[in-house]
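Counting from 1, position 58 in the sequence shown corresponds to residue 468 in the numbering used here; the numbering is continuous, with no gaps.
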Amino acid sequence: MEIDDSTYSLLAKRELPPLVSLQMVDIEGFVIFETTGKWLYPLFELEQFLIKQNIEPKSYFLHDRIAGRAAAALTYRLGFRYVKAHTMSSLATSLYDRLGVTFSYDVLVDSILCQTEKMFEDIDDIDYIYDVIDKRRIKSN
Numbered sequence: 411m412e413i414d415d416s417t418y419s420l421l422a423k424r425e426l427p428p429l430v431s432l433q434m435v436d437i438e439g440f441v442i443f444e445t446t447g448k449w450l451y452p453l454f455e456l457e458q459f460l461i462k463q464n465i466e467p468k469s470y471f472l473h474d475r476i477a478g479r480a481a482a483a484l485t486y487r488l489g490f491r492y493v494k495a496h497t498m499s500s501l502a503t504s505l506y507d508r509l510g511v512t513f514s515y516d517v518l519v520d521s522i523l524c525q526t527e528k529m530f531e532d533i534d535d536i537d538y539i540y541d542v543i544d545k546r547r548i549k550s551n
């Protein structure tokens with residue numbers, strides 16, 4: 411079941427609670443998953459949740475605090491097609507546009523000021539972005 415325009419409009423008005431970095435929400439607005447993690451770790455936590463619960467996320471809404479290009483790539487790779495971020499970079503919006511993801515944001519910035527955003531500014535290969543981020547994540551643990 412896809413999210414229609416009116417449902418998306420309602421979901422896009424949501425605000426993340428303080429300290430929460432990411433939520434996955436169903437079409438009724440019920441929170442299915444949330445985390446307070448930093449960097450891109452919340453998306454990897456969500457990936458494990460989706461696998462364990464055997465959930466196909468294409469009919470769910472992902473609400474992120476900050477979304478740069480790497481987050482956009484990981485979000486798409488997870489299967490989300492409806493996304494909102496409080497702060498989103500133009501690098502993320504260009505990738506979402508190309509991939510056909512419905513997105514919104516509260517604040518649009520040219521770029522997220524972090525090394526990861528700079529690393530992928532000209533890269534569109536979703537699997538490559540995932541592999542590089544996953545290796546960095548594993549190395550840092």
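Just so it is clear, CB atoms sit at the ideal spot from N, CA and C, and this is done for glycine as well.
Pair within 7 Å by beta-carbon distance, residue i and residue j
i	j	result
THR445	LEU432	yes
ALA480	THR512	no
PHE443	PHE459	yes
LEU421	PHE471	yes
LEU550	ILE522	According to the sequence displayed, residue 550 carries Ser and not Leu. The answer is no: Cβ separation not under 7 Å.
TYR492	ILE437	no
ALA483	ILE536	yes
ASP516	HIS496	yes
LEU450	ILE543	yes
Coil, strand or helix - residue i by DSSP
i	result
LYS549	helix
PHE443	strand
ASP516	strand
LEU509	helix
VAL435	strand
ILE476	strand
VAL542	helix
SER419	helix
SER504	helix
ASP534	coil
Residue i - containing beta strand (DSSP E), residue span
i	result
LYS494	492-499
Buried versus exposed, by CB contacts within 10 Å (16 or more), residue i
i	result
ARG508	exposed
GLY478	buried
ILE461	exposed
ILE548	exposed
LEU429	exposed
PRO427	exposed
TYR540	buried
Run of the alpha helix (DSSP H) containing residue i, from where it starts to where it stops
i	result
MET411	Premise fails: MET411 is in no alpha helix (DSSP H) and is neither H nor E.
LEU484	479-488
GLU527	525-529
Whole alpha helix (DSSP H) runs in the stretch 446-473 with 4 or more residues, listed along the chain?
Listed in chain order, the complete alpha helix (DSSP H) runs (minimum 4 residues) inside the stretch 446-473 are 451-463.
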